[in-house]
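Working notes, beginning with the structure itself.
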Amino acid sequence: MTRNVSESIIDSLIDVKMPHYAPLAQTSGYIDLNGSLLPEYLCNTLVLGSGAAGWRAAVELKRQNVDVMVASSKAFWGTSACSGSDKQTLHTANTRANGDHFLALSDSLAAGGSMDYDTAYVEAVGSVNTCEVLKYLGLDLPEDLFGATLRYQTDHDEFGRATSCGPRTSRLMVKVLAQEAMRLNIPLCDHTTAIRILTSDEGENRRVAGVIAIDKACRDNPWRMVVIRCQHLVLATGGPGELYRDSVYLVNCFSALGMALEAGITLVNLTESQFGIGTPRSQFPWNLSGTYMQAMPRIYSQDHSGRQYNFLAAYYPTTRMLASAIFRKGYQWPFHAERMLDYGSSLLDVAVYEETQKGRDVFLDFLQEPAPAADGTPFNLQELDDDVIGYLQENHALLAQPLARLTQMNPLALRLYQMHGHDLTASPLKFTLNNQHLNGGIDVDIWGRTSLIGCYAVGENAGTHGVTRPGGSALNAGQVFACRCALHIAHQKSQNLPLERQQILSTINEAQQYLNQGLLRDDVREAIQNTMSHHAAILCHTQGINAAAQTIATLCEDIRREGIQSDENSLAQSFQWRQSAQLALAVLRSLQCYIENGGGSRGARAIYDCEAGIAPQTPGGPLLTWRFRPENQDARQFMICVCLDANSYQTWTRPCRERGVLTLTNFEHQWQNWILATLFHTDQRYSGL
22 MTRNVSESII DSLIDVKMPH YAPLAQTSGY IDLNGSLLPE YLCNTLVLGS
72 GAAGWRAAVE LKRQNVDVMV ASSKAFWGTS ACSGSDKQTL HTANTRANGD
122 HFLALSDSLA AGGSMDYDTA YVEAVGSVNT CEVLKYLGLD LPEDLFGATL
172 RYQTDHDEFG RATSCGPRTS RLMVKVLAQE AMRLNIPLCD HTTAIRILTS
222 DEGENRRVAG VIAIDKACRD NPWRMVVIRC QHLVLATGGP GELYRDSVYL
272 VNCFSALGMA LEAGITLVNL TESQFGIGTP RSQFPWNLSG TYMQAMPRIY
322 SQDHSGRQYN FLAAYYPTTR MLASAIFRKG YQWPFHAERM LDYGSSLLDV
372 AVYEETQKGR DVFLDFLQEP APAADGTPFN LQELDDDVIG YLQENHALLA
422 QPLARLTQMN PLALRLYQMH GHDLTASPLK FTLNNQHLNG GIDVDIWGRT
472 SLIGCYAVGE NAGTHGVTRP GGSALNAGQV FACRCALHIA HQKSQNLPLE
522 RQQILSTINE AQQYLNQGLL RDDVREAIQN TMSHHAAILC HTQGINAAAQ
572 TIATLCEDIR REGIQSDENS LAQSFQWRQS AQLALAVLRS LQCYIENGGG
622 SRGARAIYDC EAGIAPQTPG GPLLTWRFRP ENQDARQFMI CVCLDANSYQ
672 TWTRPCRERG VLTLTNFEHQ WQNWILATLF HTDQRYSGL
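So this is what it looks like as structure tokens:
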């Protein structure tokens, strides 16, 4: 059964136009510092970032009658608005058929280890609100005949809790949330990049007092600096997209993690990332998951002279195993160390990585069936694993040619690349292995609070995920914690905070240094990305991590001494590259701590071990260069923390927080906690459970 989906429907789900945002934020006055005027903004709560999590936080804060403002480097140009996959997933509690079990869902979220169990439960129960409020605001999640939201299975998801609006789910989320923010009259400070968190008081009383930012439109001082004073700060700037050379992030996605480090905020789980196949960021950065791989295209490489190689035949013994692995890459998309074994789907990632290291380009060809594996047997649709045949049959896609299968399962996936200059019906698609997501981030509690009073983190800024996570759970976590932090902020007492003039002056001095001299930004970028790509990607050697840490530590010292050269138009990027170097070193210090504490291969990283390691098998024998240390299961109960104190990194482990015991027999007590708002004023996270 083949049905034609009209071009207008396809375009409405792919070519998503964003609103022209209004109102814009207005200054409350100016700060005079030794004759230099800095525009000043005042608000109770500042949300940094204009992605799905940031807009949700702003909307929920405004609904709680909090004076909130949003600041963004460039609205509607972040990861939420511009990234996706074949059918970008939102992972929430299943509201179809037999429904869901929240304890089971929270266990699934934390199944990979190194995740707080209370956080997993918060994300599970909060996911119903995520889904239903977004639908209320206009997100067109698909439903069946009976009104239940449609579901499917994605990576690290054995139950089938995924749903989707197509390739642009997160962009559509951003759109409906931004439109709601406009209706609520939430002011936006656009083209404004925060470069420093202002703090007041010391020790245990140290808290947020605002941020220093660079506003491209500012002409009141040579550095284009503005000060936004606030009592509460929500960090929602997305993940660090500039740490690796091959990245599916858009260019200049820097994140606030480096800035948070410089403010002394604790980060966690920087050891846990996601890498997966996708198109290069130099073209159209996009994840090649789901139906792109379930269509089972031919995969080949090509050298600079144009010679083609059927390189996967050296990794898989039979064509059936190869084709089935390509198919499973659709819902086992992220690289996972253990899936290198038994000719699993991540052996394909290894093969792609090895080819690119040889200087060859790798392609998907949807016009030809997969080439034979080592056994030389031609591809046959009837000679596939049962689960593969079953899936294709259920979706009426047991068709000859990958293009026909992809068109039947997901015509939007074809149209998406056509809109970005590549016609899959006419030519192969170049791809590579990309850095895609940071599961770690800022250490937060069940309200999204960081180690700095008044500062909260949501979305990819928050390190709420463990070693693995179901696809789409990050979008859910961002929405849940946006609601949680808004609720918590709304119940905090107002503060009168002093103007931190000395911190502003020191930042001006740094900026002035950058305008006069310093390292070249391109040199800093290459040093960070080359070091991280060579030593801290999917294959890590202990000696390589140590050498990389020394290289980046030296770079950080050079930056402190010399600065990063800039002009007034690029000053913000110089600060961001400095913070990227600090963050890269935090990742490497965390990996050192993990390995020194006996950590093995898990999730996105294989730890090389020439003595006790397990080698993936190929038809030609074991891949000894990929001999990896087995996972230490005990490490699943701990998380690696890191903070920066006076240019010195401190790393330590902490146990994962427990969920606590849930009971149905204390409603009256819990009700009083709610109506008296006492649950918002305690650090006893498990009180009353």
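Quick note: to get this note's numbering, add 21 to the position in the sequence shown (first position is 1).
Ideal Cβ positions, reconstructed from N, Cα and C, are used throughout, including at glycine.
The model shown is predicted, which means the values in this text are computed figures rather than measured ones.
By DSSP, does residue i sit in helix, in strand, or in coil?
i	result
TYR265	coil
GLY75	helix
ASN687	coil
LEU209	strand
THR292	coil
GLY499	helix
LEU710	Confidence at LEU710 is low in this model, with a pLDDT of 31, below 50, so its placement is unreliable and the value that follows should be read with caution. Correct three-state label for LEU710: coil.
ASN431	coil
ASN642	A quick correction: the sequence has Gly, not Asn, at residue 642. In this structure, GLY642 counts as strand in the three-state DSSP scheme.
ARG217	strand
SER345	helix
CYS64	strand
ARG250	strand
PHE701	helix
MET203	helix
MET90	strand
PRO676	strand
TRP695	helix
TRP307	strand
LYS451	strand
ASN739	The question about residue 739 has no answer, for the chain in this structure spans 22 to 710.
THR300	strand
VAL682	coil
TYR477	strand
GLY621	coil
LYS38	coil
VAL483	In the sequence as displayed, the identity of residue 483 is Ala instead of Val. Strand, per DSSP.
HIS509	helix
What first and last residue would you give for the alpha helix (DSSP H) that runs through residue i?
i	result
PRO318	PRO318 -> no alpha helix (DSSP H), and no H or E assigned at all.
GLN414	407-415
CYS152	138-158
ASP32	28-35
CYS103	100-103
ALA568	563-583
MET361	Per DSSP, MET361 belongs to no alpha helix (DSSP H) and is neither H nor E.
ALA532	522-537
So residue i and residue j are supposed to be a Cβ contact under 8 Å. How far apart are they, rounded?
i	j	result
SER129	SER310	SER129 to SER310, Cβ: 19 Å. No contact.
ALA627	ILE559	6 Å
VAL229	ALA215	With a Cβ gap of about 12 Å, VAL229 and ALA215 do not count as contacting.
VAL479	ALA503	5 Å
ILE286	ILE35	Not really, about 38 Å apart at Cβ, beyond 8 Å.
ASP579	LEU540	6 Å
VAL37	ARG192	5 Å
PHE387	PRO423	4 Å
LEU69	THR220	So it is not a contact: roughly 15 Å between Cβ atoms.
Tell me the residue span of the beta strand (DSSP E) that contains residue i.
i	result
SER611	Where SER611 is concerned, there is no enclosing beta strand (DSSP E), although the alpha helix (DSSP H) it sits in stretches over 592-617.
ILE235	228-236
ASP165	It is not in any beta strand (DSSP E) - ASP165 carries neither H nor E in the DSSP assignment.
ILE52	50-54
ASP544	Segment 542-556 is the alpha helix (DSSP H) holding ASP544; no beta strand (DSSP E) there.
ASP655	Looking at the DSSP string, ASP655 is not in any beta strand (DSSP E), and its letter there is neither H nor E.
LEU385	382-386
PHE400	Note, PHE400: premise wrong, no beta strand (DSSP E); not H, not E.
Inspect the beta-carbon positions of residue i and residue j and report whether they are closer than 7 Å.
i	j	result
PRO79	VAL91	A quick correction: the sequence has Ala, not Pro, at residue 79. Yes, the Cβ-Cβ distance between ALA79 and VAL91 is below 7 Å.
TYR352	GLN603	no
ALA656	GLY634	no
VAL146	PHE180	no
TYR42	VAL255	no
ALA132	TYR138	no
GLN671	CYS677	no
ARG204	ASN115	no
GLY461	VAL289	yes
PRO491	HIS212	no
GLU263	SER601	yes
GLU28	VAL501	no
Would you say residue i faces chain C, with C-beta separation under 7 Å as the test?
i	result
GLU293	Here there is only one protein chain, and chain C is not present.
Quiz item: Given 8 Å as the limit, is there contact between the segment 268-280 and the segment 587-603, that is, 3 or more CB pairs closer than that?
Solution: yes
Exercise. Check whether the segment 366-375 touches the segment 332-352, taking contact to mean three or more Cβ pairs, one atom from each stretch, closer than 8 Å.
Key: yes
Self-check item: Inter-stretch contact (C-beta, 8 Å, three-pair minimum) for the segment 452-460 and the segment 234-250
Solution: no
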